[in-house]
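Q: When we follow the UniProt record's numbering, the leftmost residue of the sequence shown carries the number 1, and every step to the right adds one.
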Amino acid sequence: MQMEARPLISVVITTKNEKGVVRDLLESIKNQTYKNWEIIIVDNSSADKTCEIAREYTKKVYTKGPERSAQRNYGVKKAQGKYVMILDADQQLASTTLQECLEEFKKDPQIGALVLPEKSFGKGFWTKFKAFEREFYVGEEEIEAARVFKKDLFEKFGGYDLSITGPEDWDLPLRMRKAGVKIGRTKSFTLHNERVFNPWKSAKKKFYYASGAAGYLNRHPEKMLSQGNLLLRPVFFRKWKKLLSHPLLSAGMIFVRGLEAGGAAAGIIYGVFLKGKE
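1) Is there contact between the segment 151 to 168 and the segment 117 to 137, where contact requires at least three CB pairs shorter than 8 angstroms?
2) Tell me which same chain residues have a C-beta within less than 6 angstroms of the C-beta of residue 24, skipping the five on either side of it?
3) What does a CB cutoff of less than 8 angstroms around residue 108 pick up in its chain, not counting 5 residues either side in sequence?
4) Going by CA-CA distance only, name the one from 72, 98 and 50 that's closest to residue 14.
5) With distance defined between alpha-carbon atoms, name the residue in 33, 18, 70 and 36 nearest to residue 48.
6) Apply the 10 Å Cβ neighbour rule to residue 56 and answer buried if 16 or more other Cβ atoms are within range, or exposed otherwise.
7) Let me check understanding here. Comparing Cα to Cα, which of 60, 168, 105 and 154 lies closest to residue 212?
8) Could you tell me which of 136, 114 and 7 sits nearest to residue 35, measuring between CA atoms?
9) Taking the Cβ atom as the reference point for each residue, do residue 84 and residue 157 lie within a distance shorter than 7 angstroms?
10) Would you mind working out which of 179, 233 and 10 sits nearest residue 87, comparing C-alpha positions?
11) Let me know if residue 68 comes out buried or exposed under the rule of 16 or more other beta-carbons within 10 Å of its beta-carbon.
12) For the structure I just gave you, are there three or more beta carbon pairs, one from the segment 231 to 246 and one from the segment 172 to 179, closer than 8 angstroms?
13) Rounding to the nearest angstrom, what Cα-Cα distance links residue 119 and residue 26 in this structure?
14) In the DSSP output, what is residue 146 paired with across the bridge?
15) Where does residue 255 land, buried or exposed, given buried means 16+ other C-beta within 10 angstroms?
16) Going by DSSP in three states, residue 219 sits in which element: helix, strand or coil?
17) By Cβ distance, which residues of its chain are closer than 7 angstroms to residue 138, with the 5 residues on each side in sequence left out?
18) Once DSSP output is grouped into helix, strand and coil, what is the label at residue 197?
19) Look up residue 9 in the DSSP assignment and say whether it is helix, strand or coil.
20) Which same chain residues, not among the five before or five after residue 198, have their C-beta less than 6 angstroms away from its C-beta?
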């Protein structure tokens, strides 16, 4: 009865060369008001001290690749908790996040997954534009992706699709939502450490992820405009007053999104027309 009242929450973290940020995340878990949790690290062959740092906080440190979907699914297989939380190493939890998650699941038994709304922070000139962009997405079902799941439901849906890298964050919750699963959200924000954001590196990353996005868009073609269009997402038009209220931030954000959209477009062209011919 006591175990049911305080169920275990498994926090699965995927890493690859994250020594600069992973300790902040692990400390944020350590400082949770809710104490019945376990940490599972699934590392993708880091060449730095990521695993060494991780072992200061948990014995459950594993190596798995080739990509996040495989890492996450492996971590859930190792999880003992009733609930699983999927995090990236550059995130940080508010001290009440785990407690809030448990309360949301208990409040409404129909909820099968939870969104952790995010705020960005970091250093450097370009980071403020990325942080401004993320403000538009708060409360947007089309953009925010669930990161906390009932473990049995996660397994029922087969976890993350191994054939998708990039949009896998959207794919699993969307498959759940289409099947009638209710998705809730926490009130507290999770912080996303952008470090020193570099728009050119981000465009390169968008190219990589977009090159494997065809499977996602074939499965969910109705999301092409709201998710696939990086530059002209409908949310920017719905919140036009915010754009006009911050003209300099808006201009910088649009420039960054333009670079990222160019990278993504090139990635889609490469993935659809060239990748399979190599």
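Ideal placement from N, C-alpha and C gives every residue a C-beta, glycine not left out.
A: In brief:
1) Output reads no: the segment 117 to 137 does not touch the segment 151 to 168.
2) The answer, listed in chain order, is 92.
3) Excluding five sequence positions before and after residue 108, the CB atoms of its chain that fall closer than 8 angstroms to its own CB belong to 182 and 184, given in chain order.
4) Comparing Cα-Cα distances from residue 14 to each of 72, 98 and 50, the minimum goes to 72.
5) The candidate whose alpha carbon is nearest that of residue 48 is 18.
6) Exposed, by the Cβ-count rule.
7) Cα-wise, what sits closest to residue 212 is 168.
8) The shortest CA-to-CA distance from residue 35 to any of 136, 114 and 7 is the one to 7.
9) Going by beta carbons, residue 84 and residue 157 fall outside the 7 angstroms limit.
10) Among 179, 233 and 10, the Cα nearest to that of residue 87 belongs to 10.
11) With 16 or more other Cβ atoms within 10 Å, it is buried.
12) Note that the segment 231 to 246 does not touch the segment 172 to 179; fewer than 3 beta-carbon pairs, one per stretch, sit closer than 8 angstroms.
13) Using only the alpha carbons, I get a separation of about 18 angstroms.
14) Answer is 115.
15) Answer is exposed; the Cβ neighbour count stays below 16.
16) The answer is helix: DSSP assigns residue 219 an H, G or I state.
17) By the criterion of a C-beta distance shorter than 7 angstroms, residue 138 is surrounded in its chain by 117, once the five residues flanking it on both sides are discounted.
18) Coil, per DSSP.
19) Strand.
20) Closer than 6 angstroms at Cβ, skipping near neighbours: no residue.
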